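Shown next, in structure tokens, is the structure this report addresses.
In my numbering, the protein residues as written are 2 to 308.
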């Protein structure tokens, strides 16, 4: 009969140490940390259910765990991330000398089929931006949110955390703190500048009913005076999509994809787009060249007599 013990308080200590390691050493973003923690919870539930020990588990046990997940029809992308989490976790335990053997060492990570990101055409962008009433204080704010997203290719979390002090109106630049706390400077154009000024003069001061709030420096604020969160912006987006007659399922991130796609379609250098998006690896940016090839093929087929 097995003498292995169920999950102990020590295991929780190892996880807490691992989380600190991810923040301090790996400089991972909050969202990535949350995803890793959720993956480890699934793993810990499996260990407890099967009376297995975190430090003495074998590769065969891990294979059983992964096969169980496959039976639950977990997506390929989620499975890849979970394996990555476990590999990182056991590597951490190894370098800390908590284990002498890494059970994930020979576990293969399946390849993720890259899904082409969805984006709006320039015509759809124009249609979307045409449905806002800029004389309405909240619609002016909402228009400005998506204008900044599209004009500078920002992530939704970056827009939520954007502060007045991050914007240089003279140079028409915005300072962004992206994934892992990495900083980049992204420019914006004259139309965005004018809309930002209009929002600050005719909307934000009327929305901000709590001027002494600790959130007063955030650029985009809610009716309660706090900063807008991701969920609120997603809901706001759905409202205007309906109004614009855009029936496709788009998200705030679609504006970032649209920014990159339209840059590539207009012959922007890939390295420039990488820098603007804040991608560490250019392979992440290269997916937009695939979109561009698709666009060129469609244009050729539509407009060329031999298409």
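The C-beta atom is built at its ideal place from N, Cα and C for all residues, glycine as well. From a predicted model like this one, the values you see are computed outputs, not experimental measurements.
Pairwise C-beta distances place the segment 23-35 out of contact with the segment 58-77, as fewer than three of them are shorter than 8 Å. Annotated as proximal: residue 256 and residue 151, with beta-carbon spacing under 8 Å.
Taking 8 Å as the cut-off, the beta carbon of residue 133 is found no closer than this to the beta carbon of residue 44. In the three-state reduction of the DSSP assignment, residue 26 falls in the coil class. The beta carbons of residue 129 and residue 247 sit about 6 Å from each other, so the pair counts as a contact at 8 Å. In the three-state DSSP reduction, residue 74 falls in the coil class, being neither helix nor strand. Taking each of 42, 14, 79 and 135 in turn and checking the Cα distance to residue 202, the smallest one comes out for 135. It is roughly 53 Å from the alpha-carbon of residue 104 to the alpha-carbon of residue 172. With 16 or more other CB atoms across the displayed protein chains lying within 10 angstroms of its CB, residue 147 is buried.
Per DSSP, the continuous beta strand (DSSP E) segment holding residue 185 begins and ends at 184-188.
Across the set 142, 75, 165 and 209, the C-alpha of 142 shows the shortest separation from the C-alpha of residue 199. Restricting attention to 228, 23 and 86, the CA atom closest to the CA of residue 180 is found in 23. Comparing alpha carbon positions, the residue from 50, 65, 94 and 49 closest to residue 16 is 94. Distance from the CA atom of residue 269 to the CA atom of residue 284, rounded to whole angstroms, is 16 Å.
The beta carbon of residue 139 sits closer than 6 Å to no other beta carbon from its chain once the five residues preceding and following it are set aside.
Counting only runs of at least 4 residues, the segment 136-171 fully encloses the following alpha helix (DSSP H) elements, listed from N- to C-terminal order: 138-153 and 157-161.
In this structure, the beta-carbon distance from residue 41 to residue 86 falls below 8 Å. Checking the DSSP bridge columns, you'll see residue 108 has no partner listed.
DSSP places residue 175 in the uninterrupted beta strand (DSSP E) bounded by 174-178. Shown here for residue 144: same chain residues with a beta carbon closer than 6 Å to its own, the five before and five after excluded, namely 133 in chain order. Straight-line spacing of the CA atoms in residue 54 and residue 75 works out to 24 Å. At a Cβ-Cβ threshold of 8 Å, residue 158 and residue 32 count as neighbours. In the displayed model, residue 222 falls within a strand according to three-state DSSP. Per DSSP, the beta-bridge partners of residue 228 are 222. Judged by DSSP secondary structure, residue 36 falls within the alpha helix (DSSP H) whose first and last residues are 31-50. Per DSSP, residue 269 lies in no alpha helix (DSSP H) and is assigned neither H nor E. Proximity to residue 131 across 289, 244 and 253 peaks at 244, based on C-alpha coordinates.
Between residue 254 and residue 156 a beta carbon distance of about 7 Å is seen, short of the 8 Å cut, so the two are scored as contacting. Counted as a single uninterrupted DSSP element, the alpha helix (DSSP H) harbouring residue 127 occupies residues 123-130. Residue 187 is positioned such that its CB atom lies closer than 8 Å to that of residue 277. Close CB contacts of residue 110 within its chain, under the 7 Å cut and outside five residues either way in sequence, are with 81, 84 and 85 (chain order).
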